[in-house]
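S.K.: In the UniProt record's numbering, the protein residues as written are 1 to 147. Heads up, the beta-carbon is just placed ideally off N, CA and C, and yes, glycines get one too. Nothing here was measured: the structure is a model prediction, and the numbers come from that model.
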Ligand code: RTP
Ligand code: MG
C-alpha cells in the first residue's frame with residue numbers, strides 16, 4: 001500500500017475546491033490518512049520545493065505557496081503516487097487534459113490548484129516534512145475490499 005502527499009494550494013482553498021478534490025480522491029477509492037488546513041512558512045515552502053531552488057520561477061513559487069492557507073493531506077492506496085499524478089493532470093495548462101483536476105480548474109502554471117508527490121522518494125520526504133508520524137493514521141476501511 002503506497003502513501004502520497006497531496007496539497008490543495010492557496011488558489012484551490014480560496015476558490016472553495018477542497019471538497020471537490022477530496023471527493024475525487026475518495027471516489028477513486030484512495031484512503032485519506034492525514035489532513036490539515038495550515039499556513040506555510042517560507043522555510044517549509046523552500047524545503048518542500050528544494051529541487052527547484054535554482055529555477056527562475058522559484059521565488060514566485062514560494063511566494064504563491066505562502067500566500068494563504070493550504071490543505072495538506074496524505075492519501076494511501078495501490079499506486080497512489082502515479083494515480084494521483086494522473087488525476088491532477090500535467091503541470092502546463094495547455095497539456096492538462098479535461099477530466100483532470102488541473103485540466104478542469106487551472107489556466108495558470110503557477111496557480112495550478114494542487115500538488116502531488118512525483119516519486120516514492122519524494123512522497124516519503126514530503127510526508128515527513130509536512131506531518132509528524134502520529135498525525136498520519138493507520139486504520140482499515142472495510143470498503144477497500146470492494147474497490
Ligand atoms: P507540483 O510539484 O506543485 O505538484 O507540480 P508539478 O510536479 O506538476 O511541477 P514541478 O515541475 O514540480 O513544478 C513545481 C511547481 O512550480 C511551478 N512551475 N512554474 N513558470 C514555470 O515555468 C513553472 N514551471 C513550474 C508550478 O506551479 C508547479 O506546480
Ligand atoms: Mg513537482
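Quick check: is any heavy atom of the ligand MG less than 7 Å from the C-beta of residue 118?
M.R.: The residue you call residue 118 lines up with position 118 of the chain shown. Residue 118: yes, Cβ under 7 Å from the ligand MG.
S.K.: Less than 8 Å between the beta carbons of residue 114 and residue 12, yes or no?
M.R.: As a position in the chain shown, residue 114 is number 114, starting the count at 1. As a position in the chain shown, residue 12 is number 12, starting the count at 1. Less than 8 Å divides the Cβ of residue 114 from the Cβ of residue 12.
S.K.: Going by DSSP, what residues sit across from residue 38 in a beta bridge?
M.R.: As a position in the chain shown, residue 38 is number 38, starting the count at 1. 70, per the DSSP bridge assignment.
S.K.: Closest by CA to residue 38, which one among 147, 131, 137 and 136?
M.R.: What you label residue 38 is simply residue 38 of the chain shown in a count that begins at 1. Residue 38 has its Cα closest to that of 131, out of 147, 131, 137 and 136.
S.K.: Quick check on the DSSP output: what are the complete alpha helix (DSSP H) runs of length 4 or more inside the UniProt domain "Nucleoside diphosphate kinase-like" (1-138), in order along the chain?
M.R.: DSSP runs (the alpha helix (DSSP H)) wholly in the UniProt domain "Nucleoside diphosphate kinase-like" (1-138): 10-14, 18-28, 42-48, 58-65, 80-88, 101-105 and 120-130.
S.K.: Count Cβ pairs between the stretch 11-25 and the stretch 104-114 that sit closer than 8 Å; are there 3 or more?
M.R.: yes
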